[in-house]
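The structure appears right after this line, and notes come after that.
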Amino acid sequence: MHGVAGCSRREGIALIASFRPPHKVMPVNVADRGRAGVLPEVEAWLSRRTSSAADWPARALLSAKGRATVSVVLPARNEEETVGEIVSAVRRDLVEAVPLVDELVVIDSRSSDGTAEQALRAGAKVFAQDEILPELHDPRYDGKGEALWKSLAVTTGDLVVFVDADLREFRTSFVTGLLGPLLTDPAVGYVKACYDRPLLGAREPNAGGRVTELVARPLLNLHWPLLAGFVQPLAGEYAGRRAVLERVPFVTGYGVELGLLIDLLDMLGLDALAQVDLGRRVHSHQSTEALGGMAGQIMHTAWARLERQDKIVPLHEPSTRLVQFERGPAGHRPLTRDVGVAERPPMATVPQYASRLR
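In UniProt numbering, the protein residues as written are 1 to 358.
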């Protein structure tokens with residue numbers, strides 16, 4: 001089914017045994033480019049489905065909210081320095097001052113610091129990742145995507161907003177901006193953030209999006225050109241309708257953002273997706289070596305979808321080992337990390353979750 005109409009929870013449970021997107025993206029004639037050098041469909045989408053956080057003030061959205069409920073979720077691992085401030089701001093501005101958010105949840109992903117305590121003190125509900133759906137812990141998965149997927153099992157909102165817990169200079173317009181298109185247009189099922197991403201010490205205002213520019217954007221333009229209009233395809237801030245999010249698989253690691261974008265394009269079509277400019281995003285940055293691991297997981301996520309969509313015929317099983325090097329006293333020493341990815345099935349197919357809806 002094309003678009004978000006008919007995405008009821010019971011339909012999701014009945015129709016999805018394994019993920020096979022009902023909407024197939026037709027091949028694109030890449031020679032047919034608009035004046036801006038992008039596909040005409042993308043050019044039209046950019047104009048129609050891109051807005052700014054300033055377009056969505058909280059009080060105006062409260063009028064549009066009606067009976068819909070909203071959950072805000074922060075996946076967090078060792079973020080005691082920032083998580084409390086984010087939770088406090090959301091509670092102050094969007095729970096108490098303007099009652100737009102009904103549920104504020106932190107998923108603690110095995111933190112070894114005071115992340116859970118800071119989040120609780122600031123007013124969030126806190127769930128330990130491993131205590132959610134404990135019967136599914138064989139195997140036990142790590143990664144951000146695992147925390148996001150499990151959050152669906154402990155939240156109740158019709159709309160779910162995901163916000164990274166390592167943000168500095170956080171503004172609650174991050175939340176209202178993502179909610180705006182969902183609360184005002186029933187045809188929109190999923191909203192991504194876009195913003196400037198500065199890198200400390202770099203001259204370029206967007207130097208922080210290194211994996212985006214070097215890996216994700218080339219992959220999308222090469223294989224999924226209809227997604228070329230997303231400014232920040234790997235943005236950690238996004239929101240969706242529960243009836244949509246529970247119908248797609250979640251990659252457990254760093255490929256979760258790319259996987260969701262590709263799968264939702266297939267399931268809903270481009271017009272059901274939107275993006276909102278949140279201005280500027282400041283957060284902690286990882287080492288180049290860690291970004292290499294992230295890039296490896298993203299490439300594996302893309303590979304799986306190319307194979308699933310019959311866009312490639314694999315002649316070999318891709319290696320999940322990434323060999324990197326560090327210099328030591330004796331010269332360069334190889335370091336190996338596993339960049340394989342796992343996927344959780346659509347939450348609507350999990351019996352323990354489905355029983356909630358009966």
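Glycine included, C-beta positions come from ideal geometry on N, C-alpha and C. In this text, all values refer to a predicted model and were calculated from it rather than measured experimentally.
Looking at the backbone, the Cα of L264 and that of L100 are separated by about 26 Å.
Distance from V276 to A193 at the Cβ level is roughly 6 Å; contact confirmed, criterion being Cβ atoms closer than 8 Å.
Under DSSP, G328 takes part in a beta bridge, and its partners are G331.
Ranking L214, V175, R280 by CA distance to the CA of P198 puts R280 first. Per the coordinates, the alpha-carbon of K150 lies some 44 Å from the alpha-carbon of P329. Excluding the 5 residues flanking it on each side, N78 has same chain C-beta neighbours closer than 7 Å at S111, S112, D113, T115, in chain order.
Secondary-structure assignment with DSSP links D310 through no beta bridge to anything.
Taken in chain order, the unbroken stretches of beta strand (DSSP E) that lie wholly in the stretch 160-248 and span 3 residues or more are 190-196, 238-241. Following the DSSP letters along the chain, one finds Q275 inside the beta strand (DSSP E) bounded by residues 273-280. Per the coordinates, the alpha-carbon of M267 lies some 19 Å from the alpha-carbon of V350. For G269 and D55, the gap between their C-alpha atoms comes out near 24 Å.
Its chain contains D130 as the residues whose beta carbon lies nearer than 8 Å to that of R140, once the 5 sequence neighbours on both sides are disregarded; these appear in chain order. Setting aside the 5 residues that flank it on each side, V4 is surrounded in the same chain by P186, A187, V188, G189, R241, A243, V244, L268, A272, each with a C-beta closer than 8 Å to its C-beta; the list follows chain order. Going by DSSP, E103 is part of the beta strand (DSSP E) stretching over 103-108. A direct Cα-Cα distance of roughly 40 Å separates V323 from A124.
Between F230 and G145, the C-beta spacing is not below 8 Å. In the pairwise beta carbon analysis, the stretch 90-100 is classified as touching the stretch 60-80: at least three pairs are separated by under 8 Å.
Between E257 and G236, the C-beta spacing is below 8 Å. Boundaries cannot be given for P134, as no alpha helix (DSSP H) includes it and DSSP labels it neither H nor E.
The DSSP-derived three-state label of T252 is coil. Here A76 carries a strand assignment [DSSP, helix/strand/coil].
V339 and H300 have their alpha carbons spaced roughly 8 Å apart.
For E343, DSSP records a beta bridge to V251. Nearest in C-alpha terms to A44, of all of A147, V211, R168, A228, is A228.
According to DSSP, residue pairing for S88 in a beta bridge does not occur. The DSSP-derived three-state label of V126 is strand. T336 sits in a strand when the DSSP states are folded into three classes. By the neighbour-count criterion, in which 16 or more other beta carbons inside 10 Å mark a residue as buried, L222 falls on the exposed side. In the three-state reduction of the DSSP assignment, S287 falls in the coil class, being assigned neither a helical nor a strand state. Contact between V341 and Q286 does not hold, since the beta-carbon distance rounds to 17 Å and is not under 8 Å. For S51, the enclosing beta strand (DSSP E) stretches over residues 50-52.
Collapsing the DSSP output to three states places L148 in a helix. For L62, the uninterrupted alpha helix (DSSP H) segment begins and ends at 58-65. Annotation: A97 is outside any alpha helix (DSSP H) and is labelled neither H nor E by DSSP. Apart from sequence neighbours up to five positions away, no residue of its chain approaches V313 with a beta-carbon distance below 8 Å. In the structure shown, V83 falls within a helical segment according to DSSP collapsed to helix, strand and coil.
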